[in-house]
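A.B. asks: The sequence shown begins at 1 in full-length UniProt numbering and counts up by one.
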Amino acid sequence: MSEPSEASDPCALIGIVKNPDGTITRDPPDSPASQPNLTSPLQSYPKTSSYQTSRGCVSTSSPPHYLNVVVASPSYRLAPEHRLPAAYHDGADALTFIRKSDDEWIKSHVYLFNVFTGSGERCESEIRHENDQVFPPAVGDLCWELCLPVGENRDHAYSNPTMGDGLEVLGALKWKVMVCGGGGDPMIDRQKNVAKLMKEKGINVVERFTDGDVHGAELGDPSKSQTLFASIKSFISSTPYRF
């Protein structure tokens, strides 16, 4: 069993304050946006787009360097002011824009590479890591509470991939999916269950599960990040490019 968390308030753990009207006050970003600067216009790179979590805010510039990809984090409407599916729609619009863009930089140097789940019931790993220091289940509960449509629970199709026809649609697209997780992550059982379910649906799934790694372990350990990047690079290289 993991040790009790130093902060019992999940809002404090993720740096927000809940207001009486249902909105939240967030910590402002501390890193200014930078302008793109193409220094070596030689080859095209896969385009990966991340808009599901905050990991891009706390990661580094390493992924593009190791993976030879262009990484973008599209702007999307935030909860709780704009609940799901607003962010999903905005993310899909961003991908559509990239795919159809006439911008010469995008056309010449980028091709699109297609790429947090949870039901309402606690899985064994969440019970085992209830007081996780990095991402306790209570924080996940708070995030879904803020972003799901009012009145919905974690068994909604937006958060639980076993609901609805999402996996059937994914299977029909013939996409290849990579699922990564660590044994010390409260969500590891969910990740394994989703990977198993996708396989049962006939989806081509590549699993990468490590023993003991906590949620986001690669963010603070260069050796872990490099092995993760190597696995992702191998996955990208083995996947046919689809435009």
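Glycine included, every Cβ here is placed at the ideal spot set by N, Cα and C.
Would Met178 and Glu218 qualify as a contact pair, given that the criterion is a beta-carbon distance under 9 Å?
C.D. replies: In the sequence shown, residue 178 corresponds to position 178, counting from 1. In the sequence shown, residue 218 corresponds to position 218, counting from 1. No, these two residues do not count as a Cβ contact at 9 Å.
A.B. asks: Compare the C-alpha of Pro74 against each of Phe97, Pro149, Trp105 and Phe235 and name the closest.
C.D. replies: For the purposes of this step, residue 74 is taken as residue 74 along the sequence shown, with counting starting at 1. For the residues Phe97, Pro149, Trp105 and Phe235, the minimum Cα distance to Pro74 belongs to Phe97.
A.B. asks: Quick check: does the Cβ of Asp141 come within less than 8 Å of any heavy atom belonging to the ligand MN?
C.D. replies: Annotation note on the ligand MN: not contained in the displayed structure, which lists no ligands.
A.B. asks: Give every residue of the same chain whose Cβ lies closer than 6 Å to the Cβ of Lys224, excluding the five residues on either side of it in the sequence, and list them in chain order.
C.D. replies: Indexing the sequence shown from 1 puts residue 224 at position 224. So the list reads Ala217 and Glu218, once near-sequence residues are dropped.
A.B. asks: Excluding the 5 residues preceding and the 5 following Val17 in the sequence, name in chain order all residues of the same chain whose CB lies nearer than 8 Å to its CB.
C.D. replies: Your numbering for residue 17 matches position 17 in the sequence shown. Same-chain partners within the cutoff: Cys11, Ile24 and Thr25.
A.B. asks: Would you call Arg154 buried or exposed, if buried means 16 or more other Cβ atoms sit within 10 Å of its Cβ?
C.D. replies: As a working note, residue 154 is residue 154 in the sequence shown. Classification for Arg154: buried.
A.B. asks: Please classify Lys192: does DSSP put it in a helix, a strand, or coil?
C.D. replies: Against the sequence shown, residue 192 aligns to sequence position 192. The answer is helix: DSSP assigns Lys192 an H, G or I state.
A.B. asks: Based on DSSP bridge pairs, tell me the residues matched to Cys180.
C.D. replies: Indexing the sequence shown from 1 puts residue 180 at position 180. In DSSP, Cys180 forms a bridge with Arg208.
A.B. asks: Which word fits Pro149, buried or exposed, when buried means at least 16 other C-beta atoms lie within 10 angstroms of its C-beta?
C.D. replies: Working through the sequence shown from its first residue, we reach residue 149 at position 149. Pro149 comes out exposed.
A.B. asks: Going by DSSP, what residue range makes up the alpha helix (DSSP H) through Ile232?
C.D. replies: The residue labelled residue 232 in the question sits at position 232 within the sequence shown. Counting along the chain, the alpha helix (DSSP H) containing Ile232 begins and ends at Pro222 to Ser237.
A.B. asks: Going by DSSP in three states, Thr23 sits in which element: helix, strand or coil?
C.D. replies: For this step, residue 23 is matched to residue 23 along the sequence shown. Coil.
A.B. asks: Pick from Gly91, Glu104, Lys100 and Asn160: whose alpha carbon is nearest that of Arg122?
C.D. replies: Residue 122 sits at position 122 when you count from the first residue of the sequence shown. For the residues Gly91, Glu104, Lys100 and Asn160, the minimum Cα distance to Arg122 belongs to Asn160.
A.B. asks: Give me the Cα-Cα distance between Gly220 and Leu84, rounded to the nearest whole angstrom.
C.D. replies: Taking the sequence shown and counting its residues from 1, the one referred to as residue 220 is at position 220. Taking the sequence shown and counting its residues from 1, the one referred to as residue 84 is at position 84. Straight-line Cα distance between these residues: approximately 30 Å.
A.B. asks: Suppose you measure from the CA of Asn68 to the CA of Phe209; what does that come to, to the nearest Å?
C.D. replies: Taking the sequence shown and counting its residues from 1, one reaches residue 68 at position 68. Taking the sequence shown and counting its residues from 1, one reaches residue 209 at position 209. Straight-line Cα distance between these residues: approximately 23 Å.
A.B. asks: Just curious, the beta strand (DSSP E) that Ala72 is in, first and last residue?
C.D. replies: Here residue 72 corresponds to residue number 72 of the sequence shown, with the count starting at 1. Where Ala72 is concerned, the enclosing beta strand (DSSP E) stretches over Val70 to Ala72.
A.B. asks: According to DSSP, what are the bridge partners of Val17?
C.D. replies: As a position in the sequence shown, residue 17 is number 17, starting the count at 1. DSSP output for Val17 lists Thr25 as bridge partner(s).
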